[in-house]
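Read left to right, the sequence shown gives residues 1 to 553 (full-length UniProt numbering).
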Amino acid sequence: MADAVWQTQNNVSGHPSLEKKTLLMAEDEPPGASLKPLVFRVDETTPEVVQSVLLERGWSKFDQQERNVEDWNLYWRTSSFRMAEHANVKPWQCLNHHPGTTRLTRKDLLAKCLRHMERLYGTPLYQFLPPTFVMPSDYSKFVAEYFKEKQALDAKLSYWICKPAELSRGRGIIIFSDIKNLIFANTCIIQKYICNPLLVGRYKCDLRVYVCVTGFKPLTIYIYQEGLVRFATEKFDLGNLQNSYAHLTNSSINRSGASYEKIKEVVGSGCKWTLSRFFSYLRSWDVDDLLLWQKINRVVILTVLAIAPSVPFAANCFELFGFDILVDDNLKPWLMEVNYSPGLSLDCSVDVSVKRRLIHDTIELIHLHSLRDGRKESCRAANGSPDVPLAREDRGQGSNLPYESFSELRSRRAFSKDGTPGKKAVTECPENQHTCQPREALSRQKEVRPLTREPPKAKPKARARHPALKTLMPRVSLIQSHGREKGLTLCVQPDGSWVPGSQAGNFVLIFPFNEATFGASRNGLNVRRIIQELQKLTHKQCSQAAEEKIKRK
Ligand code: ADP
Numbered sequence: 001m002a003d004a005v006w007q008t009q010n011n012v013s014g015h016p017s018l019e020k021k022t023l024l025m026a027e028d029e030p031p032g033a034s035l036k037p038l039v040f041r042v043d044e045t046t047p048e049v050v051q052s053v054l055l056e057r058g059w060s061k062f063d064q065q066e067r068n069v070e071d072w073n074l075y076w077r078t079s080s081f082r083m084a085e086h087a088n089v090k091p092w093q094c095l096n097h098h099p100g101t102t103r104l105t106r107k108d109l110l111a112k113c114l115r116h117m118e119r120l121y122g123t124p125l126y127q128f129l130p131p132t133f134v135m136p137s138d139y140s141k142f143v144a145e146y147f148k149e150k151q152a153l154d155a156k157l158s159y160w161i162c163k164p165a166e167l168s169r170g171r172g173i174i175i176f177s178d179i180k181n182l183i184f185a186n187t188c189i190i191q192k193y194i195c196n197p198l199l200v201g202r203y204k205c206d207l208r209v210y211v212c213v214t215g216f217k218p219l220t221i222y223i224y225q226e227g228l229v230r231f232a233t234e235k236f237d238l239g240n241l242q243n244s245y246a247h248l249t250n251s252s253i254n255r256s257g258a259s260y261e262k263i264k265e266v267v268g269s270g271c272k273w274t275l276s277r278f279f280s281y282l283r284s285w286d287v288d289d290l291l292l293w294q295k296i297n298r299v300v301i302l303t304v305l306a307i308a309p310s311v312p313f314a315a316n317c318f319e320l321f322g323f324d325i326l327v328d329d330n331l332k333p334w335l336m337e338v339n340y341s342p343g344l345s346l347d348c349s350v351d352v353s354v355k356r357r358l359i360h361d362t363i364e365l366i367h368l369h370s371l372r373d374g375r376k377e378s379c380r381a382a383n384g385s386p387d388v389p390l391a392r393e394d395r396g397q398g399s400n401l402p403y404e405s406f407s408e409l410r411s412r413r414a415f416s417k418d419g420t421p422g423k424k425a426v427t428e429c430p431e432n433q434h435t436c437q438p439r440e441a442l443s444r445q446k447e448v449r450p451l452t453r454e455p456p457k458a459k460p461k462a463r464a465r466h467p468a469l470k471t472l473m474p475r476v477s478l479i480q481s482h483g484r485e486k487g488l489t490l491c492v493q494p495d496g497s498w499v500p501g502s503q504a505g506n507f508v509l510i511f512p513f514n515e516a517t518f519g520a521s522r523n524g525l526n527v528r529r530i531i532q533e534l535q536k537l538t539h540k541q542c543s544q545a546a547e548e549k550i551k552r553k
């Protein structure tokens with residue numbers, strides 16, 4: 001039987017629309033013979049944008065009255081799933097949460113986890129979380145540190161921030177310099193306040209970086225190359241620690257501030273930029289944005305690595321995290337927190353452009369993954385579940401996937417021993433691909449439209465060392481895994497090493513990042529080995545950045 005292909009009915013060019021249902025169709029069957037809609041399930045917490053994007057991509061919303069209880073392919077909700085729900089997930093279903101990830105997303109647990117890693121591996125790599133004390137258990141340690149620092153700083157003030165462990169959106173946060181002003185009730189953390197943030201037009205900001213972990217066993221991490229930069233709406237001022245509009249960058253707080261609409265120096269109105277605009281701004285100041293992005297990538301990998309060995313195995317699920325990163329004026333990224341179910345409300349035009357595309361690309365990514373994993377049983381229709389799409393494997397197409405599995409790629413040509421490329425043609429790394437059309441509807445389109453990036457608002461100065469976010473992707477050549485579709489790819493790094501690269505829209509694989517980490521994440525996770533590789537990589541990236549700097553002088 002010929003290939004089964006994802007196709008959009010009446011729409012070979014793949015433009016999504018409400019009327020057009022995304023369907024799976026056997027190529028050599030008469031049109032309409034086995035067309036099955038993909039079905040998504042929601043609850044009252046499912047973000048509106050997720051639903052609208054899925055409908056736009058041609059999915060159908062699950063309706064219990066009309067369907068068998070198991071006839072759905074994706075369940076997306078804000079809260080976590082029970083273990084029983086994970087255990088009962090069917091091969092054709094996918095959940096948007098992975099069990100065991102709250103150890104990253106609760107501030108106190110995150111602090112403990114990262115502290116543990118630092119102790120275990122004795123590496124300064126883990127010093128990206130500001131010194132943190134979990135209250136009430138660390139109270140005496142905090143008091144000792146507070147007075148030690150006070151003495152060392154002599155007359156100068158030291159600054160701390162106290163954050164409730166389980167709250168979000170800036171609720172319950174206090175910033176203090178005098179211990180007399182510290183009040184806390186429930187579990188909270190006290191953290192060193194980063195008092196030298198990188199300011200844009202004298203406004204503090206932080207970065208919301210989206211990260212999708214498509215699996216913990218083996219560990220597979222993608223970073224989203226677009227994101228949000230959230231600004232405080234009043235000028236940074238250490239003289240007034242009570243002013244939340246100057247010290248907190250949460251948009252839920254700043255939206256209600258008097259200066260939200262005001263045209264602010266450099267920042268403009270509102271309180272958000274896209275990440276690409278921010279990097280473009282940095283380049284205009286001759287900042288090495290690539291190095292900063294590499295450091296952020298490392299923070300993400302090291303953070304996820306901290307819980308990866310202990311999360312239970314769960315099939316058919318993924319986790320979309322929101323990493324909050326504060327960059328200081330030495331260009332060091334500090335991890336503020338990791339968000340579970342990062343906010344997806346569309347409050348301004350920047351939200352609309354970033355978050356809608358993020359959801360499109362997330363769907364694209366998980367679709368790509370289910371194909372790449374070559375799940376033998378994926379999408380197997382349950383008995384009596386005729387509306388659940390059949391995967392190509394179920395049609396006897398197991399060896400004819402448009403994407404090869406990692407293992408196939410690897411054994412055939414990914415990491416040739418001598419480091420030389422495989423026999424297939426090496427093609428230029430395509431620019432990020434615009435994915436507002438569903439991959440499940442792409443069918444066999446040969447042409448992929450280039451990404452249309454938001455043009456930088458502030459014109460960068462002449463130097464364009466890193467053309468926009470393009471350089472945030474590995475600067476590599478790609479080998480198409482298959483001639484027919486773009487998706488799973490192999491990357492050749494500038495140094496000639498091979499990486500199993502994969503890209504879905506703006507998502508780029510950041511772990512595993514080379515042959516050694518690929519090996520160290522299969523058949524159990526060898527964390528020590530991975531950290532050694534990260535140390536080597538850090539060293540290499542820093543030397544490259546230093547060489548680059550010298551060349552520019
Ligand atoms: P929440 O979950 O309530 O948003 P965060 O940890 O993200 O809590 O903190 C909210 C905001 O407070 C951050 O976006 C950042 O602007 C500021 N902030 C938090 N921790 C620090 C810190 N250690 N140093 C400087 N600013 C901080």
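Glycine included, each C-beta is placed from N, C-alpha and C at the ideal position.
Please state the DSSP three-state secondary structure of residue i.
| i | result |
| --- | --- |
| leucine 358 | helix |
| alanine 504 | strand |
| residue 564 | What is shown of the chain runs 1 to 553, which leaves residue 564 out entirely. |
| aspartate 328 | strand |
| residue 621 | In the structure displayed, the chain extends from 1 to 553; residue 621 sits before or after that span and is not available. |
| glutamate 404 | Reliability of the predicted coordinates at glutamate 404 is poor, the pLDDT of 25 falling under 50, and the value obtained from them is presented with this limitation in mind. Looking at glutamate 404 - three-state DSSP - the assignment turns out to be coil, as it is neither helix nor strand. |
| glutamine 242 | coil |
| threonine 214 | strand |
| valine 229 | strand |
| aspartate 347 | coil |
| arginine 208 | strand |
| valine 266 | coil |
| isoleucine 190 | strand |
| isoleucine 183 | coil |
| valine 69 | coil |
| valine 89 | coil |
| isoleucine 173 | coil |
| glutamate 548 | helix |
| asparagine 254 | helix |
| leucine 537 | helix |
| lysine 553 | coil |
| glycine 370 | As written in the sequence, residue 370 is serine, which differs from the glycine given in the question. Helix at serine 370. |
Is the beta carbon of residue i sitting closer than 9 Å to the one on residue j?
| i | j | result |
| --- | --- | --- |
| phenylalanine 318 | threonine 362 | yes |
| aspartate 71 | valine 49 | no |
| aspartate 154 | methionine 336 | no |
| threonine 249 | lysine 204 | yes |
| isoleucine 189 | lysine 163 | yes |
| aspartate 329 | lysine 549 | no |
| cysteine 94 | asparagine 243 | no |
| tyrosine 340 | histidine 97 | yes |
| arginine 552 | tyrosine 121 | no |
| glutamate 533 | alanine 545 | no |
| leucine 326 | tryptophan 334 | yes |
| leucine 365 | phenylalanine 507 | yes |
| glutamate 226 | serine 276 | yes |
| serine 177 | leucine 157 | yes |
| phenylalanine 128 | leucine 302 | yes |
| leucine 292 | leucine 241 | no |
| proline 131 | glutamine 65 | no |
Checking the sheet assignment: what are the DSSP bridge partners for residue i?
| i | result |
| --- | --- |
| tyrosine 224 | Phe507 |
| tyrosine 281 | Paired residue(s): none; tyrosine 281 is not in a bridge. |
| serine 60 | Val39 |
| cysteine 195 | BP columns for cysteine 195 are empty, so no partner. |
| threonine 274 | Leu228 |
| leucine 74 | Phe40 and Cys94 |
| leucine 219 | Phe216 |
| tyrosine 203 | Val200 |
Buried or exposed: which applies to residue i, given that a residue is buried once 16 or more other Cβ atoms fall within 10 Å of its Cβ?
| i | result |
| --- | --- |
| arginine 171 | exposed |
| proline 136 | exposed |
| arginine 119 | exposed |
| isoleucine 183 | exposed |
| tryptophan 76 | buried |
| isoleucine 263 | exposed |
| alanine 152 | exposed |
Compute every distance between the C-beta of residue i and the non-hydrogen atoms of the ligand ATP, then say whether any falls below 8 Å.
| i | result |
| --- | --- |
| isoleucine 296 | Although the ligand ATP was asked about, the structure shown includes only the ligand ADP as ligands. |
TODO: Run through the region 286–324 for me and flag every whole beta strand (DSSP E) of 3 or more residues, listed as ranges in chain order.
DONE: Whole beta strand (DSSP E) segments, 3+ residues: zero.
Task: Those runs of the alpha helix (DSSP H) which lie wholly inside the region 138–165 and span at least 4 residues - done: Taken in chain order, the whole alpha helix (DSSP H) runs of length 4 or more contained in the region 138–165 are 139–153.
- [ ] Identify every run of the beta strand (DSSP E) within the region 107–139, keeping only runs that are complete inside it and at least 3 residues long; order them along the chain.
- [x] Within the region 107–139, the complete beta strand (DSSP E) runs of at least 3 residues are 132–135.
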